[in-house]
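K.L.:
Sending over a structure as structure tokens; questions will come in a sec.
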Amino acid sequence: PVDMFARFNISRTPHMFIKNTSSDSFVHTIDKPCIQRHVYLKVTCSKKRRFERFPHTVVSNTPEEWQANALDVLQTPEASAVVPNLQLSKSGGHWVLLMYRDTDFYRAQALQLMSRIPDSKEMWCGVFSTSNAAKPNTLKDLSGFRAEMDVLCAAPSALQLLSGLDKLDLKLGSDKRFSVSFGRYSTCAAGSMGNVEIRRRVADVVTGEPASLDAEASKVDHRLAVLELEEGYILGRLRYVAHPVPKELDFGASKPQNYSAGLPTALADAGVNIAVSTWCADTNCTQGSPLVLDPCCGSGSLLFAAWARGLEARGSDAEISMVEMSRRNLKHFRHQMEGPMPDVQVGDASNCSLGEADVIVTNLPFGRVVSMGATRESRRSHLSEVSRGNNETLSIDPHPLEGVLSNLRDKARTHVFFTGQPITHLLKTCGYILVTEIVVSRYARRYMSVCTKGNFKQPDELQHHPPHSTLY
Numbered sequence: 007p008v009d010m011f012a013r014f015n016i017s018r019t020p021h022m023f024i025k026n027t028s029s030d031s032f033v034h035t036i037d038k039p040c041i042q043r044h045v046y047l048k049v050t051c052s053k054k055r056r057f058e059r060f061p062h063t064v065v066s067n068t069p070e071e072w073q074a075n076a077l078d079v080l081q082t083p084e085a086s087a088v089v090p091n092l093q094l095s096k097s098g099g100h101w102v103l104l105m106y107r108d109t110d111f112y113r114a115q116a117l118q119l120m121s122r123i124p125d126s127k128e129m130w131c132g133v134f135s136t137s138n139a140a141k142p143n144t145l146k147d148l149s150g151f152r153a154e155m156d157v158l159c160a161a162p163s164a165l166q167l168l169s170g171l172d173k174l175d176l177k178l179g180s181d182k183r184f185s186v187s188f189g190r191y192s193t194c195a196a197g198s199m200g201n202v203e204i205r206r207r208v209a210d211v212v213t214g215e216p217a218s219l220d221a222e223a224s225k226v227d228h229r230l231a232v233l234e235l236e237e238g239y240i241l242g243r244l245r246y247v248a249h250p251v252p253k254e255l256d257f258g259a260s261k262p263q264n265y266s267a268g269l270p271t272a273l274a275d276a277g278v279n280i281a282v283s284t285w286c287a288d289t290n291c292t293q294g295s296p297l298v299l300d301p302c303c304g305s306g307s308l309l310f311a312a313w314a315r316g317l318e319a320r321g322s323d324a325e326i327s328m329v330e331m332s333r334r335n336l337k338h339f340r341h342q343m344e345g346p347m348p349d350v351q352v353g354d355a356s357n358c359s360l361g362e363a364d365v366i367v368t369n370l371p372f373g374r375v376v377s378m379g380a381t382r383e384s385r386r387s388h389l390s391e392v393s394r395g396n397n398e399t400l401s402i403d404p405h406p407l408e409g410v411l412s413n414l415r416d417k418a419r420t421h422v423f424f425t426g427q428p429i430t431h432l433l434k435t436c437g438y439i440l441v442t443e444i445v446v447s448r449y450a451r452r453y454m455s456v457c458t459k460g461n462f463k464q465p466d467e468l469q470h471h472p473p474h475s476t477l478y
């Protein structure tokens, strides 16, 4: 129906009528006396539509005259002191990638960015420099990705930054619209300026029509951003900005069934990205897309992350209830996703009949909540100690997990394991050669182990406790 709101006029007369407010037409419905009431009914049109897994703003390039002027500004001693590790790309731009750093899984998300984009370097916590502009398909799959920015100016203080904007000569046409955003990654040592004030001062320098921050991407030609760091301020133009995932495709918020020990969606996305990037580096991406296997699929978080990236995935679990939960959760998104739904079967990860794959990514039941080898009494005692504020390690027998790890060793080339306790010694005991293990959450409550037959180096400069950041 064209009309979206229909008003029901019910009177004491022996007839009830429905009035269509758009055409003022009356339709006779029933012959039954009733009391006088007014009921409003909202009518919505149901239409199936496919949402993109990661909708982002369209890619827009920085004007060449802006980049040419930025070369002179960034070569000054003041700017070099703020951005000493900034890389100059072949196209003439200085690109940085911004990540959310106030999350519990920053280390895993930063590691996936540096494995996905090998030439990226961490300049500050949450800010990475690259030697070239990244491909949109690479950026849209990153977990915790914020934006890609072409740096135009840098200065130790806000006043020096504003004076440097005059040299950039940021001129736009009368029909071009721009916006200015502000991100505080740290408090500037030389003095901080309010976000409203600095955005207003930057907008006064740019010639053009300003647009609101919440304006649609298609209606904003240039998005400028100012970042406040401890060393100073940097200003740049956003080339690619991440949008939130729609609720219809948010696995953590929209799945019909939850599991208390399930892997968070952000961590599942990062784990799949690290596994695929490591596998591509080992094989030089000459074998197409990898087959992903999750032998302890649980609620299906890792399977959905692989499915959302267009990868063929297969899952299994020893518990029938977990298999049914994973199937129901994945089936809930089948109308919005592309490609075949991952196949989930009942299977024991320690069984030799488990099929092979290119990549194994799984959340092993070995940690604080659900653990192989832990008795019911030990779990109750551990939970009692945690409630008292004592975070001692749960007493677990590692022998059941050794059988699982030994069976999975030769099933794939690349392995990514999530656990609640360190398992480096177990992996080396089971024959894994190249093992990298990092803490991926605060307070050492979750670990990630990457095992590969090729070369995988953990970045040493990642910070364990990134400070809180705000965005205005």
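Numbering-wise, the sequence shown is residues 7 to 478 according to our numbering. Built from N, CA and C at the ideal position, the CB exists for glycine as well.
#1: Measure the alpha-carbon distance for R55 versus A140 and round it to whole angstroms.
#2: Where does M22 fall in DSSP's three states?
#3: C457 bridges to which residues according to DSSP?
#4: Can you give the Cα-Cα distance for G197 and T144, rounded to whole angstroms?
#5: According to DSSP, H228 sits in a beta bridge with which residue or residues?
#6: I need the straight-line Cα distance from S356 to F372, nearest angstrom please.
#7: Return yes when the Cβ of V446 is within less than 8 Å of the Cβ of M454, no when it is not.
#8: Going by beta-carbon coordinates alone, are V367 and V422 separated by less than 8 Å?
#9: Starting from the C-beta of R362, find all residues in its chain whose C-beta is less than 6 Å away, skip the five residues before and the five after it, and write them out in chain order.
#10: Based on the DSSP output, what are the partners of L233 in its beta bridges?
#11: Are the beta-carbon atoms belonging to T435 and E408 less than 8 Å from one another?
#12: Quickly, what does DSSP pair M105 with across the bridge? List them, please.
#13: Where L176 and N290 are concerned, what is the direct C-alpha to C-alpha distance, given to the nearest angstrom?
#14: Leaving aside the five residues before and after I280 along the sequence, list all residues of the same chain whose C-beta is less than 7 Å from its C-beta, in chain order.
#15: For L241 versus V208, is the C-beta distance shorter than 8 Å?
#16: Which of helix, strand or coil does DSSP assign to D210?
#17: Can you tell me whether R107 is buried or exposed? The criterion is at least 16 other CB atoms within 10 Å of its CB, across all chains shown.
#18: Assign E236 to one of two classes, buried (16 or more other C-beta atoms within 10 Å of its C-beta) or exposed (fewer than that).
#19: With respect to the alpha helix (DSSP H) encompassing Q73, which residues constitute its N-terminal and C-terminal limits?
#20: Which partner residues does R320 have in the DSSP bridge list?
#21: Please name the residue or residues paired with D275 in a DSSP beta bridge.
#22: What does the alpha-carbon distance come out to for the pair H2 and P348?
#23: Please state the DSSP three-state secondary structure of R333.
#24: In whole angstroms, give me the CA-to-CA distance for V392 and A164.
#25: For the beta strand (DSSP E) containing K434, name the first residue and the last one.
#26: Report yes if the C-beta distance between D6 and G99 is below 8 Å; otherwise report no.
#27: Alpha carbon to alpha carbon, what distance is there between A161 and C286?
#28: Under three-state DSSP, which class holds C40?
#29: Hey, how far is the Cα of V88 from the Cα of G238?
#30: Look at A319 and M343 and say whether their C-beta atoms are less than 8 Å apart.
#31: Does DSSP classify R451 as helix, strand or coil?
P.N.:
Straight from the coordinates:
#1: Bear in mind that a pLDDT of 32 at R55, under 50, signals an unreliable position, so the number given afterwards is only what the model happens to contain. Here the C-alpha atom of R55 lies approximately 29 Å from the C-alpha atom of A140.
#2: The predicted position of M22 is uncertain, since its pLDDT is 37 and thus under 50; a value taken from the coordinates is nonetheless stated next. The answer is strand: DSSP assigns M22 an E or B state.
#3: Beta bridge pairing from DSSP links C457 with H421 and V441.
#4: Rounded to the nearest angstrom, the two C-alpha atoms are 37 Å apart.
#5: H228 is bridged to F184.
#6: C-alpha separation (whole angstroms): 14 Å.
#7: It is a contact, given that the beta carbons lie within the stated cut-off.
#8: Closer than 8 Å, so yes.
#9: Looking at the sequence itself, residue 362 is Glu, so the reference to Arg does not match. Contacts found: K417.
#10: In the DSSP secondary-structure assignment, L233 is bridged to G189 and I240.
#11: Cβ distance < 8 Å, so T435 and E408 count as in contact.
#12: For M105, which the question treats as bridged, DSSP gives the partners F151.
#13: Taking the CA atoms as reference points, L176 sits about 42 Å from N290.
#14: Correct list, in chain order: L117, Q118, S121, V422 and V456.
#15: Against a cut-off of 8 Å, the Cβ pair of V208 and L241 comes out as a contact.
#16: Helix.
#17: The residue in question, R107, is buried, as its Cβ has 16 or more Cβ neighbours within 10 Å.
#18: Looking at its Cβ environment, which holds fewer than 16 other Cβ atoms inside 10 Å, E236 is exposed.
#19: E70 to L80 is the span of the alpha helix (DSSP H), which, as asked, contains Q73.
#20: According to DSSP, R320 shares a beta bridge with L299 and D349.
#21: Per DSSP, none; premise fails for D275.
#22: In the structure as shown, the chain begins at 7 and stops at 478. Residue 2 is therefore absent and cannot be evaluated.
#23: DSSP, reduced to helix, strand and coil, places R333 within a helical segment of the structure shown.
#24: Note that V392 scores a pLDDT of 47, beneath 50, so its modelled location is shaky and nothing firm can be said.
#25: Where K434 is concerned, there is no enclosing beta strand (DSSP E), although the alpha helix (DSSP H) it sits in stretches over T430 to T435.
#26: Not covered by the structure: residue 6. The range shown for the chain is 7 to 478.
#27: About 39 Å.
#28: Confidence in C40 is poor, its pLDDT being 44 and thus under 50, which makes the residue's placement too unreliable to answer from.
#29: Answer to the nearest angstrom: the Cα atoms are 6 Å apart.
#30: Not in contact: A319 and M343 (Cβ atoms no closer than 8 Å).
#31: Reduced to three states, the DSSP call for R451 is coil.
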